[in-house]
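Participant: Take a look at this one; I'll ask things after.
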Amino acid sequence: MSLIFLTQENGSILGPIAKVLGVILNWLAEFLNIFGIQNTGITLILFTFIVNTLMLPLTIKQYKFQKIQSSLAPELARIQKKYKNKKDEVSMRKQQMETQELYQKYGANPMAGCLPMLITLPILFALYRVVYHIPAYVDLFYNQYTDFADKLISIPDIGNVLKNANIQLSQPLQVGFDQWANYGTNDVVLKNNVVEFLSQLKSADWKTLSDQLGSVIQNPEQLQVIRTSLETTQAAAHNMNSFLGLNVVESVMSTGPISAAAIVPLLAGGLQFLQTKMMPQTDTNPDSPTASTMKTMNYVMPLMSVVFCFMFPIGVGLYWVAGSLYRIVQQLFVNRYMDRINIEDLVKKNVEKQNKKRAKAGLEPLKMEAVSKARTKDIPVVEEKAKVSKKKNEPSDYSRSDVSYKAGSISANARLLNKKNGEKGDK
Numbered sequence: 026m027s028l029i030f031l032t033q034e035n036g037s038i039l040g041p042i043a044k045v046l047g048v049i050l051n052w053l054a055e056f057l058n059i060f061g062i063q064n065t066g067i068t069l070i071l072f073t074f075i076v077n078t079l080m081l082p083l084t085i086k087q088y089k090f091q092k093i094q095s096s097l098a099p100e101l102a103r104i105q106k107k108y109k110n111k112k113d114e115v116s117m118r119k120q121q122m123e124t125q126e127l128y129q130k131y132g133a134n135p136m137a138g139c140l141p142m143l144i145t146l147p148i149l150f151a152l153y154r155v156v157y158h159i160p161a162y163v164d165l166f167y168n169q170y171t172d173f174a175d176k177l178i179s180i181p182d183i184g185n186v187l188k189n190a191n192i193q194l195s196q197p198l199q200v201g202f203d204q205w206a207n208y209g210t211n212d213v214v215l216k217n218n219v220v221e222f223l224s225q226l227k228s229a230d231w232k233t234l235s236d237q238l239g240s241v242i243q244n245p246e247q248l249q250v251i252r253t254s255l256e257t258t259q260a261a262a263h264n265m266n267s268f269l270g271l272n273v274v275e276s277v278m279s280t281g282p283i284s285a286a287a288i289v290p291l292l293a294g295g296l297q298f299l300q301t302k303m304m305p306q307t308d309t310n311p312d313s314p315t316a317s318t319m320k321t322m323n324y325v326m327p328l329m330s331v332v333f334c335f336m337f338p339i340g341v342g343l344y345w346v347a348g349s350l351y352r353i354v355q356q357l358f359v360n361r362y363m364d365r366i367n368i369e370d371l372v373k374k375n376v377e378k379q380n381k382k383r384a385k386a387g388l389e390p391l392k393m394e395a396v397s398k399a400r401t402k403d404i405p406v407v408e409e410k411a412k413v414s415k416k417k418n419e420p421s422d423y424s425r426s427d428v429s430y431k432a433g434s435i436s437a438n439a440r441l442l443n444k445k446n447g448e449k450g451d452k
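Residue numbering for the sequence shown follows my numbering, starting at 26 and increasing by one per position.
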């Protein structure tokens with residue numbers, strides 16, 4: 026089968042990604058067929074689990090960055106406060122340098138948190154393309170429509186016949202009805218578009234189509250053959266697209282104001298909200314603009330999911346529900362895994378990675394002694410002050426706001442010495 030639907034737009038980065046995801050989806054459908062299962066909903070749910078599992082390494086990488094980000098957040102906030110309202114070029118350069126040195130101390134790259142997202146987003150967008158056009162990727166589902174599609178193609182001017190039926194599709198066809206006359210009856214492009222048209226039909230649309238065909242086909246025998254094929258295809262499509270009594274190609278709004286389908290968008294929004302609550306927070310400072318924005322997004326995004334799932338086909342909402350449910354369970358295990366990771370060990374590994382990159386660039390390696398102290402240019406002064414501080418005070422845990430550091434650790438030394446430097450700079 027040719028994959029020529031909307032995911033095959035020329036020059037789009039989503040096309041190749043969608044093809045790979047389509048291969049996985051087709052393999053999964055073939056595997057389920059061994060057990061006699063040909064169901065879009067079940068296939069879609071398992072497909073969601075598999076794709077999210079494959080993306081787990083990127084997820085863990087992002088959480089490791091968030092863990093480091095949480096540790097350096099108080100120091101980053103101090104730098105931002107120090108240069109607050111200072112818009113001159115010198116101050117902005119100093120802020121940039123101090124911020125860069127702070128990330129170097131922790132062996133972190135500020136772009137590391139964006140990289141997993143940049144990789145994930147194209148995959149997610151391609152996933153939506155696959156979900157919207159499942160028959161374009163799954164041979165078993167595609168073949169359910171081919172017999173009836175061949176009979177429709179044999180009807181003269183079939184493009185205008187279907188256009189006059191005024192059936193509303195959830196997604197536009199790659200080739201519009203007006204252009205169907207440009208293709209021959211054996212052209213695979215025409216057949217694929219007819220299949221895609223049929224795959225989007227809702228329960229009421231099949232009767233509308235039957236009535237429309239009855240108005241244009243004058244030969245009773247031909248009409249009987251086509252209507253028999255229509256009923257067979259409709260029954261197969263119903264069994265294939267029915268999941269817990271819901272038709273996955275229909276939207277919630279099309280099922281009526283009060284329907285069991287309304288539980289899908291409500292679940293999608295609720296599970297997404299629960300998922301955001303389980304995610305580690307990188308910035309807990311209530312005065313931080315970033316924290317305020319993230320808090321707003323944690324409420325806005327679930328609400329948007331509810332709205333979109335009311336408008337989109339139920340299959341898309343089912344994908345969101347399955348994805349959120351999987352990520353909630355995944356989050357429980359990831360959180361436990363991240364809790365066992367020592368921040369000092371994580372910083373050490375990051376510094377080692379940074380040193381390998383610096384060695385390739387011909388730069389001096391970062392030393393753990395330097396990393397555990399403040400800016401390298403102030404190390405002698407800082408060490409002297411630190412010794413005086415140790416004589417006057419017993420070793421204790423340094424704390425600020427809701428973040429605590431173990432005495433003598435890298436984070437504690439960096440926190441204390443940055444504080445000293447800040448006091449010196451303020452003077």
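Think of the CB as a built atom: it goes at the ideal place given N, C-alpha and C, for glycine as much as any other residue.
How would you call A384, buried or exposed, if buried means at least 16 neighbouring beta carbons within 10 angstroms?
Facilitator: Classification of A384: exposed, given that the 10 Å Cβ count is below 16.
Participant: What residue range does the alpha helix (DSSP H) around Q63 cover?
Facilitator: Taken as a continuous stretch (DSSP letters only), Q63 belongs to no alpha helix (DSSP H), as it is neither H nor E.
Participant: What's the C-alpha gap between K89 and A98?
Facilitator: Cα to Cα, K89 sits roughly 14 Å from A98.
Participant: Could you tell me whether the stretch 356–364 touches the stretch 287–298, where touching means 3 or more Cβ pairs closer than 8 Å?
Facilitator: They do not touch, by the three-pair rule.
Participant: Out of L255, F74, D236, which has the shortest C-alpha to C-alpha gap to T25?
Facilitator: Summary: the structure shown does not reach residue 25, with the chain confined to residues 26 through 452, and so no result is reported for it.
Participant: List the whole-angstrom C-beta distance separating L350 from L296, where the pair is believed to meet the contact cut-off of C-beta under 8 Å.
Facilitator: Going by Cβ atoms, the distance from L350 to L296 rounds to 6 Å, so yes, they are a contact pair.
Participant: Measuring straight from C-alpha to C-alpha, what distance separates A262 and I75?
Facilitator: One C-alpha to the other measures close to 25 Å.
Participant: If you measure between the beta carbons of V200 and V220, is that distance less than 9 Å?
Facilitator: No, these two residues do not count as a Cβ contact at 9 Å.
Participant: Is it buried or exposed, A229, if we count other Cβ atoms within 10 angstroms and call 16 or more buried?
Facilitator: Exposed, since its Cβ has fewer than 16 Cβ neighbours within 10 Å.
Participant: In whole angstroms, give me the CA-to-CA distance for E126 and S95.
Facilitator: E126 and S95: Cα-Cα distance of roughly 16 Å.
Participant: My output table needs one value for F337: the three-state DSSP class, helix, strand or coil.
Facilitator: Coil.
Participant: In the DSSP assignment, find the alpha helix (DSSP H) that holds N217 and state where it starts and stops.
Facilitator: Element bounds for N217: 213–224.
Participant: Distance, Cα to Cα, M117 vs F333?
Facilitator: Distance between the alpha carbons of M117 and F333: 41 Å.
Participant: Could you check whether the stretch 154–171 touches the stretch 236–243, counting it as contact only if at least three pairs of C-beta atoms, one from each stretch, sit closer than 8 Å?
Facilitator: No: the two stretches stay apart, fewer than three of their Cβ pairs being nearer than 8 Å.
Participant: Does DSSP put N77 in a helix, a strand or coil?
Facilitator: In this structure, N77 counts as helix in the three-state DSSP scheme.
Participant: Which residues does DSSP pair with S267 in a beta bridge?
Facilitator: Its beta-bridge partners are N272.
Participant: Checking 9 Å against the spacing of the C-beta atoms, do I192 and L226 come in under that value?
Facilitator: Taking 9 Å as the Cβ cut-off, I192 and L226 qualify as a contacting pair.
Participant: State the DSSP-derived secondary structure class of P405, mapped to helix, strand or coil.
Facilitator: Annotation note: pLDDT 36 at P405 (below 50); position unreliable, coordinate value reported separately. Helix, per DSSP.
Participant: L234 and L187: beta carbons closer than 9 Å?
Facilitator: In contact: L234 and L187 (Cβ atoms closer than 9 Å).
Participant: Helix, strand or coil for D113? Go by DSSP, reduced to three states.
Facilitator: The answer is coil: DSSP assigns D113 none of H, G, I, E or B.
Participant: Leaving out the 5 sequence neighbours to the left and right, which residues in its chain are closer than 6 Å to A347 when beta-carbon positions are compared?
Facilitator: Result list for A347: I70, T73, in chain order.
Participant: The alpha helix (DSSP H) that contains S235, what's its start and end?
Facilitator: Note, S235: alpha helix (DSSP H), 228–241.
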